[in-house]
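S.K.: Sharing a structure with you now.
Protein chains in written order, with our numbering: chain A, 11 to 205; chain B, 2 to 192.
Rendered as structure tokens:
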């Protein structure tokens with residue numbers, strides 16, 4: 011069943027393919043989860059100014075961090091956190107605005123209830139916003155922890171990785187669905203709460 | 002110029018995620034429960050189609066595509082499994098949570114905050130695991146299935162060397178599109 015304004019799999023798949031292909035042809039593969047680390051670094055360095063160090067070498071700025079992860083890849087997270095107006099960060103900010111505009115102009119519209127407790131959640135646990143927020147928070151924690159361990163998420167590994175036929179993309183997808191399918195059936199299937 | 006492209010491509014990505022229903026946790030949860038596979042069909046089609054387009058462009062204009070292949074190591078599998086837990090419980094993923102927050106979903110904000118903390122927790126854990134088997138066990142490293150995937154003049158190792166990478170990628174692409182086409186709209190009945 012298709013909500014009003016929602017694209018069917020054929021049209022939607024073509025539209026998503028166009029964005030993913032254009033991105034890698036014109037600039038770089040799409041990716042999102044890295045920007046969570048960049049945002050963390052931006053917040054972290056306002057709380058602790060030692061977390062990002064800038065030195066100059068041969069007239070070029072060199073970024074580093076006492077945290078091994080932020081320091082990874084020649085301090086690239088530290089660098090991007092110091093210069094958030096870069097392609098990848100703006101891409102993600104624009105994505106948020108794109109989704110907002112889409113929901114206002116022609117895209118599927120969620121009801122006020124659904125914006126707090128999505129239907130699939132309410133079906134199993136009733137209309138319980140606090141519980142849903144807790145589940146969403148825990149879900150976010152695991153998802154981003156896992157994505158950083160894997161070095162990418164649905165966008166970077168699954169869409170961008172698999173379209174390049176990257177072995178890592180298939181490995182990631184296998185790991186995700188192997189666990190996500192039984193988990194979803196356990197958590198949201200099996201028993202239905204009568205409304 | 003790059004920033005302009007970021008606005009256009011990022012904006013388009015957000016519009017498409019919203020229009021295909023990927024920002025709706027119900028769609029993701031139903032996909033994982035196997036009761037509504039519409040989103041899976043959409044994504045399979047998009048990967049297959051984009052792959053074919055990209056490899057044809059790569060064949061016509063070698064070096065034009067900005068390939069960037071991530072390494073495969075044990076952490077990709079384990080990370081994927083941990084991701085799978087959160088994906089199922091939260092019904093969102095990093096990209097769709099931000100887009101869902103953009104369309105005004107309050108629960109998505111909690112997912113995003115949890116995600117920021119999860120990524121931060123990983124930054125704290127990293128130094129203790131970076132020299133372990135999680136990183137040391139490569140599952141092929143930066144490797145592709147199709148040959149001819151080149152980044153900055155250097156070709157990635159590939160699994161299939163006996164036929165052209167373009168042909169391999171097109172075959173895989175066709176398989177993914179066929180999977181999208183023939184996957185039923187549901188495998189399990191709603192409980």
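Where a beta carbon is used, it is the ideal one built from N, C-alpha and C, also for glycine. This structure is a prediction, so every number in the text was calculated from the model and none was measured.
Given that a residue counts as buried once 16 or more other Cβ atoms are within 10 Å of its Cβ, and exposed if not, what is residue 18 (chain A)?
M.R.: exposed
S.K.: List, in order along the chain, the chain A residues whose C-beta lies closer than 8 Å to that of residue 114 (chain B)?
M.R.: 147 and 150
S.K.: Anyone know if the C-beta pair for residue 148 (chain B) and residue 24 (chain B) falls short of 8 Å?
M.R.: no
S.K.: Please work out which residues of its chain come closer than 7 Å, Cβ to Cβ, to residue 87 (chain B), disregarding the five sequence neighbours upstream and downstream, and give them in chain order.
M.R.: none
S.K.: Starting from the Cα of residue 142 (chain A), find the closest Cα among A:115, A:36, A:68 and A:197 and give me that residue.
M.R.: A:197
S.K.: Mind checking which residues open and close the beta strand (DSSP E) that includes residue 141 (chain B)?
M.R.: 139-142
S.K.: Answer with buried or exposed for residue 178 (chain B), where buried requires no fewer than 16 other C-beta atoms within 10 angstroms of its C-beta.
M.R.: With 16 or more other CB atoms across the displayed protein chains lying within 10 angstroms of its CB, residue 178 (chain B) is buried.
S.K.: In terms of alpha-carbon separation, which member of A:23, A:12 and A:49 lies closest to residue 118 (chain B)?
M.R.: A:49
S.K.: For residue 205 (chain A), I'd like the list of residues in its chain whose CB is within less than 6 Å of its CB, leaving aside the five on either flank, ordered along the chain.
M.R.: Note on residue 205 (chain A): pLDDT 47, under 50, position unreliable in the model; the coordinate value appears next. Taken in chain order, the list of residues that qualify is empty.
S.K.: For residue 94 (chain B) and residue 44 (chain A), which I take to be in contact (beta-carbon distance under 8 Å), what is that distance rounded to the nearest angstrom?
M.R.: No, residue 94 (chain B) and residue 44 (chain A) are not in contact; Cβ-Cβ is about 14 Å, not under 8 Å.
S.K.: Could you compute how far the alpha carbon of residue 106 (chain B) sits from the alpha carbon of residue 113 (chain B)?
M.R.: For residue 106 (chain B) and residue 113 (chain B), the distance between alpha carbons rounds to 11 Å.
S.K.: Would you report the Cα separation of residue 151 (chain B) and residue 97 (chain B), rounded to the nearest angstrom?
M.R.: 30 Å
S.K.: If you run the structure through DSSP and keep just helix, strand and coil, what is residue 44 (chain B)?
M.R.: helix
S.K.: Can residue 163 (chain B) and residue 147 (chain A) be called in contact, C-beta distance under 8 Å?
M.R.: no
S.K.: Classify residue 27 (chain A) as buried or exposed, calling it buried when 16 or more other Cβ atoms lie within 10 Å of its own Cβ.
M.R.: buried
S.K.: Residue 87 (chain A) lies in the beta strand (DSSP E); which residues open and close that run?
M.R.: Here residue 87 (chain A) belongs to no beta strand (DSSP E); instead the alpha helix (DSSP H) covers 78-92.
S.K.: State buried or exposed for residue 183 (chain B), treating a residue as buried only when at least 16 other CB atoms are found within 10 Å of its CB.
M.R.: In summary, residue 183 (chain B) is exposed, with fewer than 16 beta-carbon neighbours lying within 10 Å of its beta-carbon over all protein chains present.
S.K.: From the DSSP output, which residues share a beta bridge with residue 148 (chain B)?
M.R.: Paired residues: none, contrary to the question.
S.K.: Can you give the Cα-Cα distance for residue 59 (chain B) and residue 24 (chain A), rounded to whole angstroms?
M.R.: 19 Å
S.K.: Taking all protein chains shown into account, decide if residue 2 (chain B) is buried (16 or more other Cβ within 10 angstroms of its Cβ) or exposed.
M.R.: exposed
S.K.: Cβ of residue 29 (chain B) within 8 Å of Cβ of residue 172 (chain A)?
M.R.: no
S.K.: Relative to chain B, which residues along the region 42-61 of chain A have a C-beta separation below 7 Å, given in chain order?
M.R.: 42, 43, 46, 47, 49 and 50
S.K.: Which residues of chain B have a Cβ atom closer than 7 Å to the Cβ of residue 160 (chain A), listed in chain order?
M.R.: 76, 77, 80, 81 and 84
S.K.: On the CB-based measure, 16 or more other CB atoms within 10 Å of its CB, does residue 167 (chain A) come out buried or exposed?
M.R.: buried
S.K.: Anything in chain A within Cβ reach of residue 127 (chain B), meaning under 7 Å, just list it in chain order.
M.R.: 78 and 79
S.K.: Under 7 Å, CB to CB, which of the residues in the region 22-40 of chain A have a partner in chain B?
M.R.: 22, 23, 24, 25, 26, 27, 29, 30, 31, 32, 33, 34, 35, 36, 37, 38, 39 and 40
S.K.: Which of helix, strand or coil does DSSP assign to residue 67 (chain B)?
M.R.: coil
S.K.: Shorter than 8 Å from the beta carbon of residue 206 (chain A) to some beta carbon of chain B?
M.R.: Any property of residue 206 (chain A) remains undetermined from this structure, which presents chain A solely from 11 to 205.
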